[in-house]
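Below you'll find the structure, written out as C-alpha coordinates, and then a few comments.
In the working numbering, the protein residues as written are 571 to 650.
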(Lines of atoms letter the chains of each structure in order from A and count residues from 1; the text may use other names and numbers.)
(Lines give C-alpha, C1' and ligand atoms only; values in the text may rest on other atoms or scores of the structure.)
Protein backbone atom coordinates (compact mmCIF):
# COMPACT_ATOMS: atom_id res chain seq x y z
CA UNK A 1 0.00 0.00 0.00
CA UNK A 2 0.99 3.60 -0.53
CA UNK A 3 1.91 5.63 2.53
CA UNK A 4 1.85 8.96 0.69
CA UNK A 5 3.97 11.03 -1.63
CA UNK A 6 7.75 10.85 -1.38
CA UNK A 7 8.16 14.43 -0.20
CA UNK A 8 11.88 14.10 0.47
CA UNK A 9 12.45 12.78 -3.05
CA UNK A 10 10.33 15.54 -4.58
CA UNK A 11 12.32 18.20 -2.71
CA UNK A 12 15.62 16.62 -3.70
CA UNK A 13 14.50 16.65 -7.34
CA UNK A 14 13.85 20.38 -7.10
CA UNK A 15 10.06 20.50 -6.95
CA UNK A 16 8.78 23.81 -5.59
CA UNK A 17 6.53 24.08 -2.55
CA UNK A 18 3.66 25.02 -4.85
CA UNK A 19 4.22 21.96 -7.06
CA UNK A 20 4.33 19.68 -4.02
CA UNK A 21 1.19 21.31 -2.63
CA UNK A 22 -0.66 20.71 -5.91
CA UNK A 23 0.54 17.10 -6.07
CA UNK A 24 -0.70 16.52 -2.51
CA UNK A 25 -4.11 17.98 -3.36
CA UNK A 26 -4.37 15.79 -6.46
CA UNK A 27 -3.25 12.73 -4.48
CA UNK A 28 -5.92 13.31 -1.84
CA UNK A 29 -8.62 13.71 -4.48
CA UNK A 30 -7.46 10.67 -6.46
CA UNK A 31 -7.56 8.40 -3.45
CA UNK A 32 -10.64 9.84 -1.73
CA UNK A 33 -13.42 7.49 -0.69
CA UNK A 34 -16.10 8.98 -2.95
CA UNK A 35 -16.82 7.59 -6.41
CA UNK A 36 -14.90 5.17 -8.58
CA UNK A 37 -11.25 5.61 -9.48
CA UNK A 38 -12.15 6.50 -13.08
CA UNK A 39 -14.58 9.17 -11.84
CA UNK A 40 -11.93 10.60 -9.53
CA UNK A 41 -9.35 10.59 -12.35
CA UNK A 42 -11.72 12.68 -14.47
CA UNK A 43 -12.46 15.03 -11.56
CA UNK A 44 -8.75 15.57 -10.94
CA UNK A 45 -8.14 16.07 -14.68
CA UNK A 46 -10.77 18.83 -14.71
CA UNK A 47 -9.57 20.52 -11.55
CA UNK A 48 -5.88 20.43 -12.55
CA UNK A 49 -6.31 21.09 -16.28
CA UNK A 50 -3.20 23.29 -16.46
CA UNK A 51 -0.83 21.00 -14.51
CA UNK A 52 1.17 18.82 -16.93
CA UNK A 53 2.83 16.81 -14.13
CA UNK A 54 -0.51 15.78 -12.67
CA UNK A 55 -1.76 14.89 -16.16
CA UNK A 56 1.29 12.67 -16.58
CA UNK A 57 0.22 10.75 -13.47
CA UNK A 58 -3.38 10.56 -14.69
CA UNK A 59 -2.24 9.30 -18.11
CA UNK A 60 -0.24 6.56 -16.38
CA UNK A 61 -3.36 5.48 -14.49
CA UNK A 62 -5.58 5.65 -17.59
CA UNK A 63 -3.23 3.61 -19.80
CA UNK A 64 -2.85 0.95 -17.14
CA UNK A 65 -5.47 -1.33 -18.65
CA UNK A 66 -5.63 -4.42 -16.48
CA UNK A 67 -2.60 -3.42 -14.41
CA UNK A 68 -3.39 -3.06 -10.72
CA UNK A 69 -2.90 0.33 -9.11
CA UNK A 70 -1.29 0.52 -5.69
CA UNK A 71 -3.58 2.45 -3.36
CA UNK A 72 -3.10 4.04 0.06
CA UNK A 73 -3.59 1.92 3.15
CA UNK A 74 -6.97 2.49 4.77
CA UNK A 75 -6.05 3.73 8.23
CA UNK A 76 -9.49 2.70 9.50
CA UNK A 77 -9.15 -0.91 8.33
CA UNK A 78 -8.27 -3.57 10.91
CA UNK A 79 -4.69 -4.85 10.85
CA UNK A 80 -4.12 -8.27 9.31
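Beta carbons: idealized from backbone N, C-alpha and C, even for Gly. The structure presented is a predicted model; accordingly, all values stated were derived computationally and were not measured.
What does DSSP give as the partner residues of residue 572 in its beta bridges?
Position 2 of the chain shown, counted from the start, is the residue given in the question as residue 572. Looking at the DSSP assignment, residue 572 forms a beta bridge with 642.
Would you kindly report the start and end of the unbroken alpha helix (DSSP H) that includes residue 615?
Counted from its first residue, the chain shown places residue 615 at position 45. 607–617 is the extent of the alpha helix (DSSP H) around residue 615.
Considering only residues of the same chain and omitting the five flanking positions on each side of residue 588, which have a CB-CB separation below 7 Å?
Along the chain shown, one-based indexing puts residue 588 at 18. Excluding residues within five positions, none has a Cβ falling inside 7 Å.
When you compare only the Cα positions, how much space is there between residue 603 and residue 585?
Reading the chain shown from its first residue, position 33 is the one you call residue 603. Reading the chain shown from its first residue, position 15 is the one you call residue 585. The straight-line gap from Cα to Cα measures roughly 28 Å.
Assign residue 577 to buried or exposed, taking buried as 16 or more other Cβ atoms, counted over all protein chains shown, within 10 Å of its Cβ.
Position 7 of the chain shown holds residue 577. So residue 577 counts as exposed.
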